[in-house]
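**Q**
There are 2 protein chains.
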Amino acid sequence: MNATPSPRADARQNRRRLIAATREAISSRGLDVSALDIATAAGLGVGTLYRRFGTKEALLDAVVLGLYDELCDTARACMTRADAWEGLSEFVMELAKAHRDNRGLASVTAACDQQPSPELAQRTAALQEAVTDLTERARATGLLRADVTWQDIIICSRAALDTQHCLGVDAGPEGWRRIITILLDGLRAPGHTALAGPQPRTTGI
Amino acid sequence: MNATPSPRADARQNRRRLIAATREAISSRGLDVSALDIATAAGLGVGTLYRRFGTKEALLDAVVLGLYDELCDTARACMTRADAWEGLSEFVMELAKAHRDNRGLASVTAACDQQPSPELAQRTAALQEAVTDLTERARATGLLRADVTWQDIIICSRAALDTQHCLGVDAGPEGWRRIITILLDGLRAPGHTALAGPQPRTTGI
DNA sequence: CCGAAACGGACGAAGCTCGTCCGATTCAGA
DNA sequence: TCTGAATCGGACGAGCTTCGTCCGTTTCGG
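First to last, the protein sequences are chains A and B.
Take UniProt numbering: the last position of the first sequence gets the number 205, and nothing is skipped along the way.
Take UniProt numbering: the last position of the second sequence gets the number 205, and nothing is skipped along the way.
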């Protein structure tokens with residue numbers, strides 16, 4: 001009774017190729033990639049892209065979903081670290097790297113969050129919970145300053161985003177680590193300057 | 001012998017209006033503003049825009065030039081502060097605010113820096129010198145960690161850029177201050193974690 | 001070996017942008 | 001007030017990019 005029994009092997013492979021090409025394209029050029037560029041990069045025709053995904057947006061959704069899954073895995077792995085601070089800082093590093101490697105990720109996720117699909121909503125919730133856990137655990141040990149929230153953590157991780165992508169900046173392939181390191185030092189307890197203003201809210205990661 | 005004796009009063013006013021509208025437009029929507037949008041926002045026709053500036057790019061150049069002048073003034077004012085650390089941190093705050101208020105400023109300046117006009121090159125040099133002075137002075141007092149460069153400072157200031165503009169983030173109108181505060185705490189001497197990787201280079205601000 | 005599934009890429013339609021052009025309007029000096 | 005030169009407005013043309021379709025051709029796999 002399976003109406004769509006199983007796609008042909010080449011169809012499945014092309015689907016994977018398209019997702020990989022999309023990640024690569026977003027990484028280097030941001031969200032402003034045309035469907036044609038993606039398909040060409042995948043070594044396929046644009047027709048194939050639309051046959052596989054129906055819509056350019058559907059393709060982006062699939063990519064974001066994969067990224068969220070990876071981030072969830074990372075967050076859970078960081079929770080198993082014996083040292084709470086190391087767990088948190090490793091996650092921040094990984095999240096920053098994800099943003100560096102997926103230029104405009106924040107925009108994509110935000111755009112997707114506007115009308116989240118059930119799958120995406122579930123991933124978002126899981127990820128937020130994981131980050132909350134990491135933050136709480138680090139604060140409980142007294143190493144994370146008390147006045148930051150998990151949203152601050154997320155936003156800080158985004159800070160690496162521009163470091164790599166702004167023209168005119170040559171920070172080297174690992175240059176973003178410097179900024180994140182500075183941020184992490186700033187996040188350590190007890191903190192020197194009190195954080196002013198309302199705590200930020202964020203729905204996306 | 002003045003071939004262009006003096007523009008009519010309305011022409012001058014319209015020129016000012018266009019620059020103001022451009023800053024406003026860049027602030028809220030980034031560089032992807034059309035000439036029509038700018039002119040409409042200024043309450044003018046697009047024809048006027050092109051008569052005043054000849055080119056959209058020339059208009060952007062004029063805007064960037066003004067911004068650089070303001071930043072130079074700010075930097076010099078910060079140098080007169082008795083406390084070196086306060087001078088530096090105030091400048092970082094102001095630079096961050098400039099980036100927040102001029103979405104895509106980094107891209108504009110970088111784009112302009114590709115083929116800088118003499119005026120722009122002069123401003124860039126002056127600004128870099130001012131930032132260097134601020135950094136050196138703060139390091140000399142022992143309050144700024146020794147392993148950061150003035151380029152790190154610039155990049156950190158840019159970090160606030162996304163905080164405000166990413167959809168899905170509601171950090172409040174002053175939310176970026178939290179991130180900069182964290183960064184500044186991270187920049188304080190002596191620093192906890194050594195900065196790895198090569199020092200970044202940047203030509204733009 | 002053959003029919004169904006999948007592919008490629010030319011193509012149409014739509015949208016957006018820059019910059020021009022010229023008739024209508026406004027300024028400012030006499 | 002009057003007048004002509006400067007300025008304005010916005011419709012318009014040309015060009016570019018993009019999405020998504022369509023159909024003849026190729027490939028898979030039972």
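Ideal Cβ placement from N, Cα and C applies to all residues, glycine included.
This one's a predicted model, so the numbers in the text were calculated from it and none came from an experiment.
Could you give the distance in angstroms between the alpha-carbon of Arg51 (chain B) and the alpha-carbon of Ala42 (chain B)?
**A** Their backbone Cα atoms lie some 14 Å apart in a straight line.
**Q** Look up Leu144 (chain B) in the DSSP assignment and say whether it is helix, strand or coil.
**A** Reduced to three states, the DSSP call for Leu144 (chain B) is strand.
**Q** Taking the alpha-carbon positions, what's the Gly142 (chain A) to Ile180 (chain A) distance?
**A** So the two alpha carbons sit approximately 20 Å from each other.
**Q** Can you tell which of B:Ile182, B:Asp37, B:Ser28, B:Ala58 has the C-alpha that lies nearest to the C-alpha of Asp147 (chain A)?
**A** Ranking the options by Cα distance to Asp147 (chain A), first place goes to B:Ile182.
**Q** So which residues of chain B does Gly87 (chain A) contact, with C-beta pairs closer than 8 Å?
**A** Here the premise fails: no neighbours, minimum Cβ distance about 15 Å.
**Q** Please list the residues of the stretch 28-58 of chain A that have a C-beta atom closer than 9 Å to any C-beta atom in chain B, keeping them in chain order.
**A** Taking 9 Å as the Cβ-Cβ cut-off against chain B, none of the residues of the stretch 28-58 of chain A qualify.
**Q** Between B:Leu49, B:Phe91, B:Arg29, which lies nearest to Gln13 (chain B) when the distance is taken from Cα to Cα?
**A** Here the closest residue by C-alpha is B:Leu49.
**Q** Of the choices B:Trp176, B:Glu119, B:Val33, B:Ser157, whose alpha-carbon is the least far from that of Ala62 (chain B)?
**A** Of B:Trp176, B:Glu119, B:Val33, B:Ser157, the residue nearest in Cα terms is B:Glu119.
**Q** So what's Arg81 (chain A) in DSSP terms, helix, strand or just coil?
**A** Note: Arg81 (chain A) maps to coil in three-state DSSP.
**Q** Who pairs with Arg188 (chain B) in a beta bridge, going by DSSP?
**A** DSSP lists B:Leu144 as partners of Arg188 (chain B).
**Q** Can you say whether Gly45 (chain A) is buried or exposed, counting buried as having 16 or more other CB atoms within 10 angstroms of its CB?
**A** It counts as exposed.
**Q** Establish whether the CB of His192 (chain B) and some CB of chain A are separated by less than 7 Å.
**A** Chain A, which has a Cβ nearer than 7 Å to the Cβ of His192 (chain B), makes this yes.
**Q** Using a Cβ cut-off of 7 Å, pull out every chain B residue sitting near residue 235 (chain A), in sequence order please.
**A** Examination of residue 235 (chain A) is not possible in this model, given that chain A is present from 1 through 205 alone.
**Q** Would you report the Cα separation of Glu129 (chain B) and Arg145 (chain B), rounded to the nearest angstrom?
**A** Looking at the two C-alpha atoms, the distance is approximately 20 Å.
**Q** Taking 6 Å as the limit between beta carbons, can you name the residues of its chain near residue 207 (chain A), skipping five residues before and five after?
**A** Residue 207 (chain A) lies beyond the stretch modelled for chain A, which goes from 1 to 205, so this question has no answer here.
**Q** Report the option in A:Thr40, A:Ser6, A:Phe53, A:Arg103 whose CA atom is closest to the CA atom of Arg158 (chain A).
**A** Per the Cα distances, A:Arg103.
**Q** Look up Ser34 (chain A) in the DSSP assignment and say whether it is helix, strand or coil.
**A** DSSP places Ser34 (chain A) in coil when its eight states are reduced to three.
**Q** Does DSSP put Thr132 (chain A) in a helix, a strand or coil?
**A** Residue state, collapsed to three classes: helix.
**Q** Tell me whether the beta-carbon of Cys78 (chain A) lies closer than 7 Å to the beta-carbon of Leu31 (chain A).
**A** In this structure, Leu31 (chain A) does not lie closer than 7 Å to Cys78 (chain A) by Cβ.
**Q** Using three-state DSSP, classify Gly87 (chain A) as helix, strand or coil.
**A** Here Gly87 (chain A) sits in helix by DSSP.
**Q** How about Ala84 (chain A): is its C-beta nearer than 7 Å to some C-beta of chain B?
**A** For Ala84 (chain A), the answer is no, since every Cβ of chain B falls outside 7 Å of its Cβ.
**Q** My output table needs one value for Arg23 (chain A): the three-state DSSP class, helix, strand or coil.
**A** In the structure shown, Arg23 (chain A) sits in a helix (DSSP, three-state: H, G or I).
**Q** Give me the residue from A:Thr193, A:Gly186, A:Arg29 with the minimum Cα distance to His192 (chain B).
**A** It is A:Gly186.
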